[in-house]
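A.B. asks:
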Amino acid sequence: MGVLSRSEALAAAEEAGMDLVEVSPDADPPVAKIVDWGKYNYQRTKQAQKTRKKSRPLDLKQMRVGLKIGAHDLEVKLRKVSGFLEAGHKVKIAVIYRGRELAHRDLGYKLAERIINDLGEGLVVDQPPQFAGRQLTFVVRIGHAKVKDSQRDQEKNPDNQDR
Numbered sequence: 088m089g090v091l092s093r094s095e096a097l098a099a100a101e102e103a104g105m106d107l108v109e110v111s112p113d114a115d116p117p118v119a120k121i122v123d124w125g126k127y128n129y130q131r132t133k134q135a136q137k138t139r140k141k142s143r144p145l146d147l148k149q150m151r152v153g154l155k156i157g158a159h160d161l162e163v164k165l166r167k168v169s170g171f172l173e174a175g176h177k178v179k180i181a182v183i184y185r186g187r188e189l190a191h192r193d194l195g196y197k198l199a200e201r202i203i204n205d206l207g208e209g210l211v212v213d214q215p216p217q218f219a220g221r222q223l224t225f226v227v228r229i230g231h232a233k234v235k236d237s238q239r240d241q242e243k244n245p246d247n248q249d250r
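If you read the sequence shown in this note's numbering, its first letter stands for residue 88, the second for the next number, and so on.
Have a look at this one:
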């Protein structure tokens with residue numbers, strides 16, 4: 088429509104049966120649109136929700152594993168870790184030493200290596216295994232390509248979820 092005075096813009100909006108909404112007050116001259124306020128506000132809130140959802144911070148999940156964990160117990164914990172990774176979270180895994188197990192630090196490193204290998208390809212080790220106190224900790228995350236693929240599959244088939 089071009090540059091109009093405030094009164095002309097209000098008259099044009101009233102004639103169209105809509106509202107005059109100031110979009111950019113800092114511009115010179117200020118920019119305004121003639122829109123339906125309800126629809127405009129709804130779209131603006133939906134867009135804000137979408138950007139908030141996309142920019143949510145990813146949590147650092149933690150999993151504690153004993154040095155003498157059984158094979159099936161380890162499988163169960165690794166399934167849980169895989170779920171966290173597929174959701175896009177980083178996972179801090181701690182191998183806990185109890186009592187005289189501290190004399191066998193090498194067993195913890197072997198267990199950490201086994202966990203990393205069992206979690207599969209596409210895994211990125213953010214923090215390599217480090218010994219601190221009575222635990223051996225390391226942080227893993229999944230590579231970007233695998234996360235995006237799993238999220239894309241879920242968006243395509245939202246009712247195809249594990250039961």
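Every residue gets a Cβ at the ideal spot worked out from N, C-alpha and C, and that includes glycine.
(1) What's the C-alpha gap between Gly157 and Leu206?
(2) Excluding the 5 residues flanking Leu97 on each side, which residues of the same chain have their C-beta closer than 6 Å to its C-beta?
(3) Got a sec? Which residues, its chain only, sit under 8 Å from Tyr196 by beta carbon, not counting five neighbours each side?
(4) Express the C-alpha separation of Gly125 and Gln134 in angstroms, rounding to a whole number.
(5) Excluding the 5 residues preceding and the 5 following Tyr184 in the sequence, name in chain order all residues of the same chain whose CB lies nearer than 7 Å to its CB.
(6) Of all the beta strand (DSSP E) runs that stay within the bounds of the region 137-168, which reach a length of 3 or more residues?
(7) Can you tell which of Glu102, Ala114, Tyr127 has the C-alpha that lies nearest to the C-alpha of Val90?
(8) At which residues does the beta strand (DSSP E) containing Ile98 begin and terminate?
(9) For Leu147, which residues of its own chain have a beta-carbon under 6 Å away from its beta-carbon, when the five flanking residues on both sides are left out?
(10) Please confirm whether Ile156 has its beta-carbon closer than 9 Å to some beta-carbon of chain D.
(11) Mapping the DSSP letters down to three states, classify Leu210 as helix, strand or coil.
(12) Give the secondary structure of Arg185 by DSSP, where H, G and I count as helix, E and B as strand, and everything else as coil.
(13) From Pro117 to Arg93, what does the alpha carbon distance come to, in whole angstroms?
(14) Select from Glu95, Val163, Gly186, Val182 the residue whose C-alpha is nearest the C-alpha of Phe218.
(15) Answer with buried or exposed for Val163, where buried requires no fewer than 16 other C-beta atoms within 10 angstroms of its C-beta.
C.D. replies: The structure says:
(1) 17 Å
(2) Leu107
(3) Pro216, Leu223
(4) 14 Å
(5) Leu154, Gly195, Arg221, Gln222
(6) 147-153
(7) Ala114
(8) Residue identity check: residue 98 is Ala in the sequence provided, not Ile. First-last for Ala98: 93-103, but that is the alpha helix (DSSP H), not the beta strand (DSSP E).
(9) Lys177, Lys179
(10) Here there is only one protein chain, and chain D is not present.
(11) strand
(12) coil
(13) 10 Å
(14) Val182
(15) exposed
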